[in-house]
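When we follow full-length UniProt numbering, the leftmost residue of the sequence shown carries the number 1, and every step to the right adds one. C-beta: ideal position from N, C-alpha, C; glycine also.
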Amino acid sequence: MTGAPETWERLARSLRGDLPGRWTLRGPGSHPFLVREPVAWTIAWVGHRRRGSHGTLSAGVLPLVEPFTGWHLEYGTVMDDVVGGPRTLDLDSPEALGVARAFVLGHALEILGHWSLERIAETAEARFAARPDDPRGSGWTVLPGCRVVLATGSPEEAARRLAGPDPEDREYYGGLANAWRAGGREAALRFLRRHRDDVLRGEQVDRARS
Numbered sequence: 001m002t003g004a005p006e007t008w009e010r011l012a013r014s015l016r017g018d019l020p021g022r023w024t025l026r027g028p029g030s031h032p033f034l035v036r037e038p039v040a041w042t043i044a045w046v047g048h049r050r051r052g053s054h055g056t057l058s059a060g061v062l063p064l065v066e067p068f069t070g071w072h073l074e075y076g077t078v079m080d081d082v083v084g085g086p087r088t089l090d091l092d093s094p095e096a097l098g099v100a101r102a103f104v105l106g107h108a109l110e111i112l113g114h115w116s117l118e119r120i121a122e123t124a125e126a127r128f129a130a131r132p133d134d135p136r137g138s139g140w141t142v143l144p145g146c147r148v149v150l151a152t153g154s155p156e157e158a159a160r161r162l163a164g165p166d167p168e169d170r171e172y173y174g175g176l177a178n179a180w181r182a183g184g185r186e187a188a189l190r191f192l193r194r195h196r197d198d199v200l201r202g203e204q205v206d207r208a209r210s
């Protein structure tokens with residue numbers, strides 16, 4: 001995320017006082033993510049990015065049980081989704097905090113609350129049942145990891161289908177399936193914890209700044 005130096009960080013620090021639960025800033029530089037604590041197998045986040053001369057807010061839940069492909073919004077929302085609401089956020093405006101508060105409290109928190117890991121897993125199971133031979137286009141890349149974390153079944157079949165030609169996919173899904181075969185759920189959980197920690201460190205969000 002990019003934007004006016006420090007201004008988003010100040011706004012985020014003010015905004016988190018209005019949010020239920022504990023929220024911290026994570027990430028490098030002057031444009032961190034506002035993250036709901038604790039971080040376990042997902043990250044619920046709010047962030048800001050440039051959009052034209054101003055910027056915009058987005059919020060999402062990032063599963064940590066699949067290969068990392070960026071801070072996508074498959075389980076998230078943006079300001080454009082709010083009917084009748086503003087589509088941009090001017091960080092220099094005196095109304096900036098109110099606009100951010102309205103988006104997050106009035107819209108984004110409901111989306112973040114909806115996408116628990118259990119709900120993400122249910123959605124992936126339904127997609128897998130409907131289109132088991134189309135993993136890339138059908139959105140069940142989280143399924144093997146969810147099955148391990150939630151103790152709902154073996155990850156092997158889904159992992160085998162997902163371990164395609166991409167080297168990172170082969171390493172992740174093949175490694176997860178091998179861990180399961182070698183040591184069952186406990187070994188697979190250890191594999192997933194290492195993967196999760198690597199993603200958090202790689203994105204520099206492994207520690208809360210405040």
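query: Hey, out of H48, G21 and R127, whose CA is closest to F33's CA?
result: In the sequence shown, counting from the first residue as 1, residue 33 sits at position 33. When each option's Cα is compared against that of F33, the closest is H48.
message: By DSSP's criteria, H54 is part of a beta bridge. Which residues make up the other side?
response: In the sequence shown, counting from the first residue as 1, residue 54 sits at position 54. In the DSSP assignment, H54 is bridged to R51.
query: Would DSSP call R16 helix, strand or coil?
result: Taking the sequence shown and counting its residues from 1, one reaches residue 16 at position 16. The answer is helix: DSSP assigns R16 an H, G or I state.
field: According to DSSP, residues forming a beta bridge with F128
entry: Residue mapping note: residue 128 aligns to position 128 of the sequence shown, counting from 1. Paired residue(s): none; F128 is not in a bridge.
query: Comparing alpha-carbon positions, which option in R161, L62, D90 and E118 lies nearest L200?
result: Sequence index remark: in the sequence shown, residue 200 carries index 200 (1-based). Comparing Cα-Cα distances from L200 to each of R161, L62, D90 and E118, the minimum goes to L62.
task: Give the straight-line distance between the Cα atoms of G202 and H72, rounded to the nearest whole angstrom.
output: Position 202 of the sequence shown, counting from 1, holds the residue named residue 202. Position 72 of the sequence shown, counting from 1, holds the residue named residue 72. Straight-line spacing of the CA atoms in G202 and H72 works out to 16 Å.
- prompt: Are the beta-carbon atoms of V35 and W23 separated by less than 8 Å?
  reply: If you number the sequence shown from 1, residue 35 lands on position 35. If you number the sequence shown from 1, residue 23 lands on position 23. Cβ atoms of V35 and W23: closer than 8 Å.
- request: Would you decide whether residue 211 is buried or exposed? Buried here means 16 or more other CB atoms lie within 10 Å of its CB.
  value: Residue 211 lies beyond the range of the chain shown here (1 to 210); nothing can be said about it.
message: Rounded to whole angstroms, what is the Cα-Cα separation between G29 and D80?
response: The count along the sequence shown starts at 1 and reaches residue 29 at position 29. The count along the sequence shown starts at 1 and reaches residue 80 at position 80. Their Cα atoms are separated by approximately 26 Å.
query: If you check the beta carbons only, do L15 and R87 fall under 8 Å apart?
result: Taking the sequence shown and counting its residues from 1, one reaches residue 15 at position 15. Taking the sequence shown and counting its residues from 1, one reaches residue 87 at position 87. Contact flag unset, no.
message: G153 and R161 - do their beta-carbons sit closer together than 8 Å?
response: Looking up residue 161 in the sequence shown gives position 161. Looking up residue 153 in the sequence shown gives position 153. No, these two residues do not count as a Cβ contact at 8 Å.
message: Suppose you measure from the CA of H54 to the CA of A96; what does that come to, to the nearest Å?
response: Within the sequence shown, residue 54 is the residue found at index 54, counting from 1. Within the sequence shown, residue 96 is the residue found at index 96, counting from 1. H54 and A96 have their C-alpha atoms roughly 11 Å apart.
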